[in-house]
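With the UniProt record's numbering as the guide, the letters of the sequence shown map in order to residues 1 to 445.
Backbone N, C-alpha and C fix where the C-beta goes; we use that ideal spot for every residue, glycine too.
Model, not experiment: these values are computed from the prediction.
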Amino acid sequence: MEIPAKLPFSKRRLRPRVVISYIFDYVILIACVIGFWILDSLEPYHQHFSLRNISLQYPYAVHERIPIQYALCISGVFPLVLIIVYTLFIDGLFSHHKPLDPASGKRKLRGPWRWKDRLWEMNCGILGLLLSQALAFLITQVLKNACGKPRPDLIDRCQPRDGSLDMLPYGLSNSTICTGEAKLIKDGFRSWPSGHSSSSFAGLFYTSMWLGGKFHIMDNRGETWKTLLVTIPILAATLVAVSRIMDARHHPFDVITGSLLGVVCAIVSYRQYFPPITESWRKGRAYPIRTWGTEPTAPIDAKFNALGDSTTALRNPEAERLNGSSMRGRSTSPHQPGASGYANPGNPYTSQVYPRRAHDHDPDGNWSSSEDDVGNGYEMQTGYAAAQNPGVSRSSFDANTAYHPNAYQSQGHTAPASLINPPPGVVVSHDHLERSLTDAPGREV
Numbered sequence: 001m002e003i004p005a006k007l008p009f010s011k012r013r014l015r016p017r018v019v020i021s022y023i024f025d026y027v028i029l030i031a032c033v034i035g036f037w038i039l040d041s042l043e044p045y046h047q048h049f050s051l052r053n054i055s056l057q058y059p060y061a062v063h064e065r066i067p068i069q070y071a072l073c074i075s076g077v078f079p080l081v082l083i084i085v086y087t088l089f090i091d092g093l094f095s096h097h098k099p100l101d102p103a104s105g106k107r108k109l110r111g112p113w114r115w116k117d118r119l120w121e122m123n124c125g126i127l128g129l130l131l132s133q134a135l136a137f138l139i140t141q142v143l144k145n146a147c148g149k150p151r152p153d154l155i156d157r158c159q160p161r162d163g164s165l166d167m168l169p170y171g172l173s174n175s176t177i178c179t180g181e182a183k184l185i186k187d188g189f190r191s192w193p194s195g196h197s198s199s200s201f202a203g204l205f206y207t208s209m210w211l212g213g214k215f216h217i218m219d220n221r222g223e224t225w226k227t228l229l230v231t232i233p234i235l236a237a238t239l240v241a242v243s244r245i246m247d248a249r250h251h252p253f254d255v256i257t258g259s260l261l262g263v264v265c266a267i268v269s270y271r272q273y274f275p276p277i278t279e280s281w282r283k284g285r286a287y288p289i290r291t292w293g294t295e296p297t298a299p300i301d302a303k304f305n306a307l308g309d310s311t312t313a314l315r316n317p318e319a320e321r322l323n324g325s326s327m328r329g330r331s332t333s334p335h336q337p338g339a340s341g342y343a344n345p346g347n348p349y350t351s352q353v354y355p356r357r358a359h360d361h362d363p364d365g366n367w368s369s370s371e372d373d374v375g376n377g378y379e380m381q382t383g384y385a386a387a388q389n390p391g392v393s394r395s396s397f398d399a400n401t402a403y404h405p406n407a408y409q410s411q412g413h414t415a416p417a418s419l420i421n422p423p424p425g426v427v428v429s430h431d432h433l434e435r436s437l438t439d440a441p442g443r444e445v
């Protein structure tokens with residue numbers, strides 16, 4: 001089989017190991033699914049149990065409230081469709097600053113993202129979702145078989161023989177006294193952890209994180225409707241998990257630990273392809289195409305790399321267009337030819353202009369993580385740690401900031417000329433006018 005020279009989202013030829021790495025991702029996912037089915041066919045460990053344990057005497061629910069097929073649709077199919085529809089048709093609609101269409105002069109309703117950008121985002125979003133679900137199913141099945149914890153309805157599944165009693169001296173029974181269906185008994189020893197809970201949180205918590213990144217809910221704008229939408233998948237996952245307690249399929253501890261397992265799988269999988277949602281300046285865009293042999297550089301040290309070997313984040317085309325007009329008049333740094341200054345608009349006191357290399361790839365000026373030549377810049381600078389703020393003192397405490405009426409006279413200084421309304425008793429010197437403010441004649445009222 002011939003390995004493609006480049007991905008459909010890239011304009012440059014990629015090394016074979018880069019293409020193989022993404023193919024290997026899907027191979028790993030398929031291997032996880034195969035491993036799950038193999039583990040499901042194995043007999044789990046059977047813990048001993050007591051016939052007098054009332055926590056195991058719940059009736060067996062023939063009809064589950066949410067069967068596994070419905071749970072997979074809720075936690076797998078729904079997020080998959082959401083990712084596809086959002087990335088292809090909705091992404092960019094909620095942007096606060098949409099670019100202008102040069103042909104019509106109108107705002108682009110769908111935002112700055114091109115089709116290849118959307119395809120790359122969809123690829124990463126689907127990979128993260130499938131990885132989260134695959135990890136949750138595989139780890140859950142391994143723990144189920146290894147632990148062999150009885151379900152709350154085990155005794156009803158077991159159907160003990162008449163006259164069965166707990167064995168002495170420890171007062172416990174085992175599965176040899178059961179006369180029920182072998183398939184039900186086998187599944188009766190797979191209570192911990194809850195598979196419904198882990199899979200639902202793996203898919204839906206991942207969906208919440210993915211939506212949180214796309215909506216950049218932690219950008220300090222306080223838009224409540226975004227937070228509400230992001231919490232809906234988590235609520236759905238919680239209801240799926242609670243239904244297992246209602247059906248007496250799992251103990252509460254099984255549901256809680258299964259849910260936590262799903263959350264961990266979701267976080268790990270999301271962070272494989274996307275930056276943390278706390279970095280809202282990244283706009284929830286997927287990481288760029290993988291490279292090896294280079295280390296991510298800090299934004300202040302970003303340099304152009306002609307080979308495109310960089311794992312750094314991309315700059316934001318929206319911010320470039322918004323600040324492009326105000327930056328045209330600024331002179332570029334002599335040691336950075338072709339660079340443009342980018343002043344952070346969120347801090348009115350900042351005096352540091354971030355270096356930014358002029359875009360030289362596409363006439364529309366758009367950037368995305370679908371580019372493989374990503375060493376040219378960054379989306380934004382996070383924080384203002386390096387900004388020079390003249391209004392903030394660098395010392396922990398100023399020496400003495402209290403007002404003293406005769407401070408200027410006692411120290412032999414004159415008050416600055418910028419004081420329009422000086423305090424009583426302070427003489428403001430204006431040498432170029434050859435008189436002080438106290439010599440000014442009175443006005444008639």
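Residues that DSSP places opposite residue i in a beta bridge
i, result
"cysteine 178", "Pro160"
"phenylalanine 49", "Ser173"
"methionine 246", "DSSP, once it has assigned bridges, lists no residue as partnering methionine 246."
"methionine 167", "Leu172"
Local conformation of residue i per DSSP, three classes
i, result
"methionine 218", "coil"
"phenylalanine 201", "helix"
"serine 104", "coil"
"threonine 382", "In this prediction, threonine 382 scores a pLDDT of 43, lower than 50, which makes its location untrustworthy; the coordinate-derived value is nonetheless stated afterwards. If DSSP states are grouped into helix, strand and coil, threonine 382 belongs with coil."
"alanine 298", "Note that alanine 298 scores 42 on pLDDT, short of 50, meaning its location in the model is unreliable and no value can be drawn from it."
"tryptophan 281", "helix"
"histidine 63", "coil"
"isoleucine 34", "helix"
"proline 276", "coil"
"tryptophan 113", "coil"
"aspartate 153", "coil"
"glutamine 133", "helix"
"residue 446", "Residue coverage of the chain in this structure runs from 1 to 445, which leaves residue 446 outside it and unanswerable."
"glutamine 57", "coil"
"aspartate 91", "coil"
"proline 252", "helix"
"proline 233", "helix"
"leucine 260", "helix"
"tryptophan 192", "coil"
"glutamate 223", "coil"
"leucine 42", "coil"
"arginine 15", "coil"
"glycine 148", "coil"
Proximity to residue i [Cα-Cα], best of the options
i, options, result
"leucine 42", "Asp187, Val77, Phe24", "Asp187"
"phenylalanine 137", "Ala202, His48, Arg157, Trp115", "Ala202"
"alanine 266", "Arg157, Gly125, Lys283", "Gly125"
"serine 50", "Pro150, Asn123, Leu80, Ser200", "Pro150"
"glutamine 133", "Ala103, Phe78, Leu119, Ala182", "Phe78"
"glutamine 69", "His216, Val19, His196, Phe215", "His196"
"isoleucine 74", "Val268, Asp247, Ile234, Ile20", "Ile234"
"leucine 211", "Ile38, Ile23, Val85", "Val85"
"serine 280", "Pro112, Met246, Gly213, Leu82", "Gly213"
"asparagine 220", "Thr278, Leu127, Gln272", "Thr278"
"leucine 154", "Asp162, Leu131, Lys183", "Lys183"
"phenylalanine 89", "Gly76, Trp113, Pro102", "Trp113"
"tyrosine 206", "Ile30, Ile185, Val230, Phe189", "Val230"
"alanine 31", "Ile217, Asp162, Val255, Leu131", "Leu131"
"alanine 139", "Pro193, Pro44, Gln272", "The residue asked about is misnamed: residue 139 is isoleucine in this sequence, not alanine. Comparing Cα positions, the closest option is Pro193."
"glycine 284", "Ser243, Ile217, Leu80", "Ile217"
"arginine 271", "Phe253, Val255, Pro288", "Pro288"
"glycine 76", "Arg290, Phe189, Ala236", "Ala236"
"serine 282", "Leu80, Asn123, Phe215", "Note on identity: in this sequence residue 282 is arginine, with serine being the wrong assignment. When only C-alpha atoms are compared, the closest one is Phe215."
"leucine 80", "Leu204, Val264, Val33", "Leu204"
For residue j and residue i, believed in contact at Cβ under 8 Å, the rounded distance
i, j, result
"glycine 171", "arginine 157", "Not really, about 21 Å apart at Cβ, beyond 8 Å."
"glycine 262", "serine 200", "7 Å"
"proline 152", "alanine 248", "4 Å"
"valine 240", "alanine 71", "6 Å"
"aspartate 166", "serine 175", "So it is not a contact: roughly 13 Å between Cβ atoms."
"glutamate 64", "aspartate 91", "Rounded, the Cβ-Cβ distance is 36 Å, inconsistent with contact."
"serine 198", "histidine 251", "With a Cβ gap of about 15 Å, serine 198 and histidine 251 do not count as contacting."
"phenylalanine 189", "glutamine 57", "Rounded, the Cβ-Cβ distance is 16 Å, inconsistent with contact."
"glycine 128", "serine 269", "5 Å"
"proline 67", "lysine 144", "Proline 67 to lysine 144, Cβ: 18 Å. No contact."
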